[in-house]
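Residue numbering for the sequence shown follows this note's numbering, beginning at 184 and increasing consecutively. Take a look at the structure below.
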Amino acid sequence: MSKIGITALVPPELIFACDCSPLDVNNFIPESRKYPRNKLCAWTAIWKEMLIQKEIRIESLIVVAGGDCHNALVDGQKVAMSGTRTHFFFYPFDGDAEYLESQLWRLSDFLGDIKNPDKFKEITNLKKLGQDMDKKRYNGKINPGEAFRILISSSDLQSDPDKFRKAISSIRENNIELNSRVALIGVPPIYHDFHDVAQSLDLAIVFDELPYEFIRHGGNNIREIARDYCNYTFARPLEFRINFLQKELEKRNIDGVIHYTQFACHHMLEDEVIRKELDYPVLTIQGDLPGKTPEQIKLRLEAFREALLRS
Ligand code: SF4
């Protein structure tokens with residue numbers, strides 16, 4: 184089965200239906216020890232180097248070029264120039280489902296057409312399991328760090344739906360005390376231990392914004408996928424995303440928000456709007472290179488927990 188690299192959310196159900204297997208190249212970064220010299224955002228700079236040096240083996244690459252990240256657009260072109268067969272995928276900023284449908288048909292052509300339409304239904308069912316798991320997490324039945332590791336891997340379903348299903352069923356339910364209920368918004372932290380650190384400091388992360396986008400969208404054919412993924416919040420205007428966030432935060436009974444931002448990422452510019460529009464205490468942190476959560480950030484998380492307990 185052809186391994187297809189993806190640089191951000193690309194409907195995995197379509198990739199599997201084309202008898203290919205998606206591989207989210209971002210999932211290599213938090214554990215990576217690479218420190219690229221020519222970089223803006225470390226996420227794109229590291230996957231670019233790993234792909235060019237063939238440390239990540241793929242047959243083709245899909246770069247999400249519209250509605251997501253301009254660093255990925257440029258670094259994706261460098262990978263294309265190094266000889267990797269590459270397709271550029273565009274989400275509509277205005278949510279135009281017909282435009283997205285035309286993009287999905289182009290993607291299907293690139294992947295060699297749909298050969299296994301049963302995969303749509305299979306992935307829909309798997310995503311329902313992921314959504315149930317997310318619900319259990321915010322109801323204090325599943326450890327937030329364990330839930331995050333599964334949710335973040337739902338962008339590519341671990342390249343293997345059976346493996347993903349087993350990973351979900353291996354999670355044990357417990358009664359977890361959720362004292363300070365926190366939403367983690369923005370791009371995911373580049374630190375591999377971030378959720379465990381937060382948990383050890385009694386900050387229970389009960390919402391992960393981007394991974395939740397991975398499991399909440401789906402569809403059983405290209406038309407349905409287009410009509411659902413056109414509401415992928417990261418590709419839409421900020422106001423649309425904030426409206427969605429407000430509902431999710433309320434539903435999850437959130438006490439405070441951690442806004443993670445990445446060095447040299449345009450999402451950093453959204454911080455002031457998020458702080459103004461979300462009616463919760465907000466802690467903004469910024470990361471750069473992968474590794475363990477730095478001590479300075481741990482201290483800020485601790486101070487945030489104290490502030491939440493006082494409020
Ligand atoms: S963190 Fe920002 S700049 Fe980096 S890959 Fe994600 S969206 Fe792009």
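C-beta: ideal position from N, C-alpha, C; glycine also. Bear in mind that the values here come from a model prediction, so they are computed numbers and not experimental data.
**Spatially closest choice to lysine 475 from Lys231, Glu196, Pro213, Cys203, by CA coordinates** = Pro213
**Asked** Excluding the five sequence neighbours on either side, which residues of its own chain have a C-beta within less than 7 angstroms of the C-beta of leucine 256, listed in chain order?
**Response** Apart from sequence neighbours up to five positions away, the residues of its chain that approach leucine 256 with a beta-carbon distance below 7 angstroms are Val246, Ala248, ordered along the chain.
**Message:** Looking at the secondary structure, which residues open and close the beta strand (DSSP E) in which lysine 186 lies?
**Reply:** 185-189
**Message:** Let me make sure I understand the geometry here. Which of Leu309, Lys186, Trp226, Asp207 has the alpha-carbon closest to that of isoleucine 373?
**Reply:** Trp226
**Message:** For aspartate 411 and asparagine 299, which I take to be in contact (beta-carbon distance under 8 angstroms), what is that distance rounded to the nearest angstrom?
**Reply:** Contact flag wrong, Cβ pair sits at about 20 angstroms.
**Message:** Restricting to Cα atoms, I'd like to know which of Cys224, Met184, Ala200 is closest to alanine 447.
**Reply:** Cys224
**Asked** Roughly how far, in whole angstroms, is the beta-carbon of leucine 386 from the beta-carbon of valine 365, given that I think they are within contact range, below 8 angstroms?
**Response** 5 angstroms
**Item:** phenylalanine 276 burial status per 10 Å Cβ neighbour count (16 or more: buried)
**Value:** exposed
**Cut-off 6 angstroms between Cβ atoms - residues of its own chain near phenylalanine 331, not counting five sequence neighbours on either side** = Cβ within range, chain order: His378, Asp391.
**Request:** Verify the contact flag: valine 370, CB atom, against every heavy atom of the ligand SF4, threshold strictly below 7 angstroms.
**Result:** Between the ligand SF4 and valine 370, a heavy atom-to-CB distance of less than 7 angstroms is present.
**Request:** Could I get the ranges of all uninterrupted beta strand (DSSP E) runs contained in the segment 336-377, with 3 residues as the minimum, in chain order?
**Result:** Whole beta strand (DSSP E) segments, 3+ residues: 363-369.
**Message:** Measuring only the C-alpha atoms, how far is glutamine 469 from leucine 484?
**Reply:** 12 angstroms
**Prompt:** Under the rule that 16 or more other beta-carbon atoms within 10 Å means buried, what is histidine 449, buried or exposed?
**Reply:** exposed
**Message:** With a threshold of 8 angstroms, are at least 3 pairs of Cβ atoms found where one atom belongs to the segment 260-267 and the other to the segment 229-242?
**Reply:** yes
**aspartate 438: CB within 7 angstroms of a non-hydrogen atom of the ligand SF4** = Residue side-chain check: aspartate 438 keeps its Cβ at 7 angstroms or more from all non-hydrogen atoms of the ligand SF4.
**Host alpha helix (DSSP H) of valine 257 (start-end)** = 253-264
**Prompt:** Just to confirm, does asparagine 254 get its C-beta within under 7 angstroms of one of the non-hydrogen atoms of the ligand SF4?
**Reply:** yes
**Request:** Measuring alpha carbon to alpha carbon, tell me which of Phe293, Leu384, Tyr274 ends up nearest glutamate 360.
**Result:** Leu384
**Item:** Cutoff 6 angstroms; reference isoleucine 189; Cβ partners in own chain excluding five residues on either side
**Value:** If you ignore the 5 residues before and after isoleucine 189, its C-beta comes within less than 6 angstroms of the C-beta of Pro205, Asp207, Ile245, all in its own chain and listed in chain order.
**Request:** Determine the extent of the alpha helix (DSSP H) in which glycine 541 is found, giving its start and end residues.
**Result:** An answer regarding residue 541 cannot be provided, because it is not within the stretch 184 to 494 covered by the chain.
**Asked** Is it true that the CB of glutamate 242 sits closer than 8 angstroms to the CB of serine 291?
**Response** no
**Request:** Provide the residue span of the alpha helix (DSSP H) that contains proline 194, from first to last.
**Result:** Note, proline 194: premise wrong, no alpha helix (DSSP H); not H, not E.
**Message:** Considering only DSSP beta bridges, list what aspartate 277 is partnered with.
**Reply:** Aspartate 277 pairs with nothing; no bridge assigned.
**the segment 398-407 touching the segment 308-322, judged by at least three CB pairs closer than 8 angstroms** = Verdict: yes, contact present.
**Message:** When you compare the CB positions of leucine 428 and isoleucine 368, do they come within less than 8 angstroms of one another, or not?
**Reply:** yes
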